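Below is one structure, written out as structure tokens, with a few remarks after it.
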Amino acid sequence: MILKTGTTLPRLLPRGDYEDWIAAGLGVPEVRVCRLSEGEALPDAAAPRAVVITGSAAMVTDRLEWSERAAPWLLEVLARETPVLGICYGHQLLAHALGGVVGANPRGREIGTIEVDLADAAASDPLLGGLGPRLVVSASHRQSVLHLPEAARHLGGNATDPNQAFAIGARVWGVQFHPEWDHEVARAYVEERAQILRDEGLDPDALLANVRPSEDGATILRRFGELAG
Numbered sequence: 004m005i006l007k008t009g010t011t012l013p014r015l016l017p018r019g020d021y022e023d024w025i026a027a028g029l030g031v032p033e034v035r036v037c038r039l040s041e042g043e044a045l046p047d048a049a050a051p052r053a054v055v056i057t058g059s060a061a062m063v064t065d066r067l068e069w070s071e072r073a074a075p076w077l078l079e080v081l082a083r084e085t086p087v088l089g090i091c092y093g094h095q096l097l098a099h100a101l102g103g104v105v106g107a108n109p110r111g112r113e114i115g116t117i118e119v120d121l122a123d124a125a126a127s128d129p130l131l132g133g134l135g136p137r138l139v140v141s142a143s144h145r146q147s148v149l150h151l152p153e154a155a156r157h158l159g160g161n162a163t164d165p166n167q168a169f170a171i172g173a174r175v176w177g178v179q180f181h182p183e184w185d186h187e188v189a190r191a192y193v194e195e196r197a198q199i200l201r202d203e204g205l206d207p208d209a210l211l212a213n214v215r216p217s218e219d220g221a222t223i224l225r226r227f228g229e230l231a232g
């Protein structure tokens, strides 16, 4: 099941939305979408065989009704040892539900193609193991997981966000980046936010020049689909 917490840029919708890109990347035969941010009721926690939580333009710290409603539901899902992957907002929501701290990233916005240094613990991780010491992935976020939940295993970070990836037990992961985005989606986000980036002291032209393709995100999604199968 894909827990939909937001929608991509209007200019990208002809290509699909978060849930479409995630479903294609998972490579599983059947996917149900729960449009949580649009008011859809959550299913029984025993229903999904696996859960992926999408990104969103919303902020976890806004404590929106649908977001707060999802937090205890996720704890029920985790108690059943259901595989879960939280992406961007989903990564933050998962950490929040488990007692971590989410807030504005003190280092500012991160957007475009980024590199994530994997921790030693990632080498033996079922999802991230074998991908090398560094990932090349896409991102766009202003909030971050400032403090991981006590039970979390740190898997990766970088200078802008030390908590780019974590795991809980053997079947639950959070990633701050977007494994479902290709480099053209990353490019569109930088272009769309160009003036905002300039206002924040960032260089959109340099960010665009750094946008490049990588298979790391696609590999992560495919692996999660296999692990959840």
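Numbering (our numbering), first residue to last: 4 to 232. Ideal placement from N, C-alpha and C gives every residue a C-beta, glycine not left out. Predicted model only: the values in this text are computed from it and were never measured.
Span of the beta strand (DSSP E) holding R137? Going by DSSP, R137 is part of the beta strand (DSSP E) stretching over R137 to H144.
Residues near A26 in its chain [Cβ-Cβ closer than 7 angstroms; skip 5 each side]: Its chain contains I5 and V34 as the residues whose beta carbon lies nearer than 7 angstroms to that of A26, once the 5 sequence neighbours on both sides are disregarded; these appear in chain order.
Residue range of the alpha helix (DSSP H) that includes D123: Run containing D123: none; DSSP gives neither H nor E here.
Rounding to the nearest angstrom, what Cα-Cα distance links E68 and Y21 in this structure? Distance from the CA atom of E68 to the CA atom of Y21, rounded to whole angstroms, is 21 angstroms.
Can you say whether Q179 is buried or exposed, counting buried as having 16 or more other CB atoms within 10 angstroms of its CB? The residue in question, Q179, is buried, as its Cβ has 16 or more Cβ neighbours within 10 Å.
Can you tell me which of G204, H150 and D219 puts its alpha carbon nearest to the alpha carbon of G102? For G102, the closest alpha carbon among the candidates G204, H150 and D219 is that of H150.
Please list, in chain order, all residues of the same chain as S59 whose beta carbon is under 6 angstroms from its beta carbon, the five residues on each side excluded. Excluding positions up to five away in sequence, the list reads T8, G9 and Y92.
Evaluate D123 with the Cβ neighbour count: other Cβ atoms within 10 Å of its Cβ, from every protein chain shown; 16 or more gives buried, anything less gives exposed. Around the beta carbon of D123, fewer than 16 other beta carbons lie within 10 angstroms, which makes this residue exposed.
Grab the span of the beta strand (DSSP E) containing V54 for me, first residue to last. Unbroken beta strand (DSSP E) run through V54: V54 to I56.
Assess contact between the stretch 107 to 117 and the stretch 70 to 83, defined as three or more Cβ pairs (one per stretch) separated by less than 8 angstroms. Is contact present? The stretch 107 to 117 makes no contact with the stretch 70 to 83: fewer than 3 CB pairs, one atom from each, lie closer than 8 angstroms.
Do D128 and A170 have their C-beta atoms closer together than 8 angstroms? Their beta carbons are under 8 angstroms apart, which means D128 touches A170 by this criterion.
Roughly how many angstroms lie between the CA atoms of A142 and A189, to the nearest whole one? If I take the Cα positions, the gap works out to 7 angstroms.
Assign G204 to one of two classes, buried (16 or more other C-beta atoms within 10 Å of its C-beta) or exposed (fewer than that). With fewer than 16 Cβ atoms within 10 Å of its Cβ, G204 is classed as exposed.
Taking a contact to mean a Cβ-Cβ separation below 8 angstroms, would you say L121 touches G159 in this structure? Result yes, Cβ atoms of L121 and G159 sit closer than 8 angstroms.
C-alpha gap between R18 and Y192, whole angstroms: Rounded to whole angstroms, R18 to Y192 spans 14 angstroms at the Cα level.
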